[in-house]
Every structure is written in C-alpha cells, then in structure tokens.
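Down below is the structure, laid out as structure tokens.
Residue numbers (this note's numbering): 1405 to 1471.
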C-alpha cells in the first residue's frame, strides 16, 4: 500500500499479486465474481462510494512502474 498527496487529492495505491483478472471490463461490474463464496459487490460498491465523494477508483492490471 502506497499513499501520496498531489495538489488537493490523496492517492492510495494497493498492489495485489493475486490471480490475473481475465476481463478487466468487468472489474467494477456488480455481481461479477470468480469466487465461490463471493457476491461481486466489493469493488462495485467501493467505486460508487468513492464517486459519491468526488473521488476516483481505477484499476490497472499490470503496472509496469508501480513503485
């Protein structure tokens, strides 16, 4: 986890070296999951909450220069 400030924004980056996400277009779509016990709401709800506070949640599959 990395945190930084840029102008009036806070940027929080989370790195996860878990399983590859096959279809990046579905990352924030509600009820899409690859887990047996998942409901597919985590990232979808997170994005909605962050958007409601004028924030932005994005996804990058293979960050070349993460650090």
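For every residue, glycine included, the Cβ atom is placed at its ideal position computed from N, Cα and C.
Alpha helix (DSSP H) segment containing residue i, residue limits
i	result
residue 1451	1446-1456
Residue burial classification, residue i (beta-carbon count within 10 angstroms, cutoff 16)
i	result
residue 1451	buried
Whether residue i touches residue j by CB criterion (8 Å)
i	j	result
residue 1453	residue 1460	no
residue 1430	residue 1417	no
residue 1408	residue 1432	no
Inter-residue spacing [alpha-carbon to alpha-carbon] between residue i and residue j
i	j	result
residue 1421	residue 1441	20 Å
residue 1464	residue 1435	20 Å
residue 1412	residue 1426	34 Å
For residue i, the first and last residue of its enclosing beta strand (DSSP E)
i	result
residue 1416	1413-1417
residue 1409	1406-1410
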